[in-house]
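These notes are about the structure you will find just below.
In full-length UniProt numbering, the protein residues as written are 1 to 219.
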């Protein structure tokens with residue numbers, strides 16, 4: 001949690017978020033003896049900083065040691081965009097208690113599973129329609145007061161207001177200073193709802209390494 005400045009025992013992941021227009025510059029100019037920047041270039045579009053020197057062994061499986069770098073972009077106020085986004089890869093709920101918001105979200109998940117079999121509501125078509133809305137707004141010089149992951153990120157888009165993200169703040173985390181969203185509490189609540197609540201004891205362990213020991217190994 002930001003207030004503690006340390007990893008939680010059940011949180012084994014750290015992500016980096018950058019503006020879309022900065023991604024190409026990062027890939028072309030980043031130089032490091034320890035990491036390389038790679039574009040996943042698959043159905044979902046994001047970058048990874050992959051270690052050149054170490055891998056992770058989880059049980060009998062060996063994987064890259066990497067950090068995900070997600071892209072964000074500006075968005076207009078648009079009911080059409082919100083409509084298409086409501087069908088777009090609704091994510092797993094991360095809350096233990098009942099809420100009406102998540103109740104209706106689950107209804108949408110079930111509806112989307114049925115509709116995505118039709119061409120109009122498949123992943124790529126929704127992504128295309130959302131990009132068309134964004135590009136049209138840019139051409140018409142409309143105000144873009146919102147920020148969210150790019151439509152090809154593979155997630156249902158969480159929309160933040162620009163002043164919830166910028167100007168960035170500094171925070172010390174595990175003894176290192178990082179830039180974080182201006183209103184990190186709102187940012188985290190939109191992503192994880194009750195992020196300050198402790199999960200049940202049986203869920204207080206790293207999700208990616210569930211039931212396995214892991215260690216770093218040299219390449």
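Every residue, glycine too, gets a C-beta built ideally from N, C-alpha and C. Predicted, not measured: the structure shown is a model, and the values here were computed from it.
Applying the criterion that 16 or more other CB atoms from any shown protein chain within 10 Å of the CB defines a buried residue, is residue i buried or exposed?
i	result
residue 81	buried
residue 61	exposed
residue 28	exposed
residue 46	buried
residue 63	exposed
residue 40	exposed
residue 155	buried
residue 181	buried
residue 140	exposed
residue 151	buried
residue 217	exposed
Return the bridge partner residues of residue i from the DSSP annotation.
i	result
residue 160	147
residue 169	180
residue 39	47
residue 218	54
residue 16	69
Could you say which of the options lies nearest to residue i if we only look at CA atoms?
i	options	result
residue 69	78, 146, 22, 83	22
residue 48	129, 207, 142, 67	67
residue 122	11, 87, 160	87
residue 72	158, 79, 7, 129	158
residue 14	190, 182, 206, 58	206
residue 213	50, 58, 38	58
residue 51	34, 195, 149	34
residue 144	175, 78, 167	78
residue 84	124, 53, 32	124
residue 167	36, 55, 179	179
residue 130	195, 204, 76	76
residue 215	126, 56, 24, 36	56
Suppose you measure from the CA of residue i to the CA of residue j; what does that come to, to the nearest Å?
i	j	result
residue 138	residue 147	14 angstroms
residue 65	residue 136	39 angstroms
residue 153	residue 5	28 angstroms
residue 10	residue 142	42 angstroms
residue 30	residue 133	32 angstroms
residue 120	residue 164	33 angstroms
residue 183	residue 172	16 angstroms
residue 128	residue 7	37 angstroms
residue 44	residue 188	22 angstroms
residue 161	residue 19	14 angstroms
residue 38	residue 26	10 angstroms
residue 149	residue 104	22 angstroms
residue 74	residue 190	17 angstroms
residue 193	residue 170	23 angstroms
residue 197	residue 107	24 angstroms
residue 186	residue 175	24 angstroms
residue 54	residue 32	14 angstroms
residue 203	residue 126	34 angstroms
residue 24	residue 201	42 angstroms
Would the beta-carbon of residue i be found less than 6 angstroms away from any heavy atom of the ligand NAD?
i	result
residue 123	This structure does not include the ligand NAD; it has no bound ligands of any sort.
Taking 7 angstroms as the CB-CB cut-off, is residue i touching chain C?
i	result
residue 73	Absence of chain C from the displayed structure is noted, only one protein chain being present.
At 3 residues or longer, what runs of the beta strand (DSSP E) sit wholly inside the segment 51-83? 61-75, all fully within the segment 51-83.
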